[in-house]
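Presented below is the structure to which this report refers.
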Amino acid sequence: GNSVTQMEGPVTLSEEAFLTINCTYTATGYPSLFWYVQYPGEGLQLLLKATKADDKGSNKGFEATYRKETTSFHLEKGSVQVSDSAVYFCALGLGNTGKLIFGQGTTLQVKP
Amino acid sequence: SAVISQKPSRDICQRGTSLTIQCQVDSQVTMMFWYRQQPGQSLTLIATANQGSEATYESGFVIDKFPISRPNLTFSTLTVSNMSPEDSSIYLCSVGGGDEKLFFGSGTQLSVL
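Which chain is which? The protein sequence lines are A and B, in order.
Each residue of the first sequence is one higher than the one before, counting from 494 in my numbering.
Each residue of the second sequence is one higher than the one before, counting from 1192 in my numbering.
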């Protein structure tokens, strides 16, 4: 079946540190992959996406590359800020159904 | 992008009662979904709300427990029926934004005593 596994949190970093949040997936076919972010007190927002192998999604300094050979979509940022503190969800899309399957979420806390 | 208004934002309910959650979108959308986010867990799709027909439920969710209405392309409701403490969750409305993207409402935080 289809599933998404994320590294467990919480992840606590100092400002300007390098961030990696691991995400691996299991899917039939060739799904699109997404990272969503949920800031405190807000709804989920799309952070970035990639639709095929070797695509790189990027936004707000975050990047993730669709790696078919390792079935991974790890989220990275070179220098995190306190404002990046949030919960990050990796997800895969099931094509025209419009449905997404989410990972369990990883809480990131960035300290000044 | 779509702006989604969800009401109520939070509620505390007694066991055995029902709560109806409303979702209003600022534009007509074809795809509308209801998700549940249990404490400390990920989002799980409850059902797809279909305009003019019965909702399509995911495995583990049934219409008697989570009846859904979708009277038009901008509005839907989810009812959580005969609640128990296990129903305490955040319930999220989302709409398809094209290109497999989803927009989410800010959610309804439900606590059942």
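Using N, Cα and C, we set each Cβ at its ideal position, and we do this for glycine too.
Rounded C-alpha distance that separates residue i from residue j
i	j	result
B/Leu1264	B/Gln1219	5 angstroms
A/Gln543	B/Leu1304	A small fix is needed here, since residue 543 of chain A is Ala in this sequence, not Gln. If you take the alpha carbons of A/Ala543 and B/Leu1304, they lie about 42 angstroms apart.
B/Gly1287	A/Lys592	9 angstroms
A/Ala510	A/Thr599	17 angstroms
B/Leu1269	A/Asn495	26 angstroms
B/Cys1309	B/Arg1206	The shown model of chain B, from 1192 to 1304, leaves out residue 1309 of chain B, and the question about it has no answer.
B/Asn1241	B/Leu1210	20 angstroms
A/Glu508	A/Ser578	10 angstroms
A/Leu472	A/Val497	A query on residue 472 of chain A cannot be resolved here, the shown segment of chain A reaching from 494 to 605 and no further.
B/Ser1285	B/Phe1252	17 angstroms
B/Lys1183	A/Met500	Since the displayed chain B opens at 1192 and closes at 1304, residue 1183 of chain B lies outside it and no answer follows.
A/Ser565	A/Gly596	12 angstroms
CB contact below 8 angstroms: residue i versus chain A
i	result
B/Lys1198	no
B/Gly1207	no
B/Glu1245	no
B/Phe1266	no
B/Ser1287	The residue you asked about is not Ser; residue 1287 of chain B is Gly in the sequence shown. B/Gly1287 counts as touching chain A.
B/Thr1301	Strictly speaking, residue 1301 of chain B in this sequence is Leu, with Thr absent from that position. For B/Leu1301, the answer is no, since every Cβ of chain A falls outside 8 angstroms of its Cβ.
B/Phe1257	no
B/Leu1269	no
B/Ser1233	yes
B/Leu1293	yes
B/Met1222	yes
Residue i at chain B interface by Cβ criterion, 8 angstroms
i	result
A/Glu501	no
A/Leu540	no
A/Ser525	yes
A/Gly596	yes
A/Lys553	no
A/Gly591	yes
A/Phe566	no
A/Gly586	yes
A/Phe511	no
Burial state of residue i (16 or more Cβ within 10 Å)
i	result
A/Pro524	buried
A/Ile594	buried
A/Glu562	exposed
B/Gly1195	The sequence given here places Ile at residue 1195 of chain B; Gly does not occur at that position. It is buried - the Cβ of B/Ile1195 has at least 16 other Cβ atoms within 10 Å.
A/Phe574	Correcting the residue type first, residue 574 of chain A is Gln in the shown sequence and not Phe. Flag for A/Gln574 reads exposed.
B/Gly1289	exposed
B/Ile1254	exposed
B/Glu1291	buried
A/Asp547	exposed
Amino acids of chain D, ordered along the chain, whose beta-carbon sits closer than 7 angstroms to that of residue i
i	result
B/Ser1297	No chain D is present in this structure, whose protein chains are A and B.
Practice prompt. State whether the stretch 505–521 of chain A contacts the stretch 1198–1206 of chain B, with contact taken as three or more CB pairs (one from each stretch) at a distance under 8 angstroms.
Written response: Taking one beta carbon from each stretch, the stretch 505–521 of chain A and the stretch 1198–1206 of chain B have fewer than 3 pairs nearer than 8 angstroms; the two do not touch.
Fill in: Three CB pairs or more closer than 8 angstroms across the stretch 1271–1280 of chain B and the stretch 1227–1234 of chain B
They touch, by the three-pair rule.
Item to complete: Please determine if the stretch 570–585 of chain A and the stretch 509–518 of chain A are in contact, where contact requires at least 3 C-beta pairs separated by less than 8 angstroms.
Response: The stretch 570–585 of chain A makes contact with the stretch 509–518 of chain A, as at least three CB pairs between them are under 8 angstroms.
Practice prompt. Decide if the stretch 550–570 of chain A is in contact with the stretch 534–541 of chain A; the criterion is three or more beta carbon pairs, one per stretch, under 8 angstroms apart.
Written response: The stretch 550–570 of chain A, when compared against the stretch 534–541 of chain A, does touch it at the 8 angstroms Cβ threshold.
Worksheet item: Does the stretch 1210–1219 of chain B touch the stretch 526–539 of chain A, meaning 3 or more C-beta pairs lie closer than 8 angstroms?
Response: Cβ pair count under 8 angstroms is below three, so no.
Practice prompt. Could you pull out every unbroken beta strand (DSSP E) segment of at least 3 residues lying fully inside the stretch 520–548 of chain A, listed in chain order?
Written response: The qualifying runs are 525–531 and 537–543.
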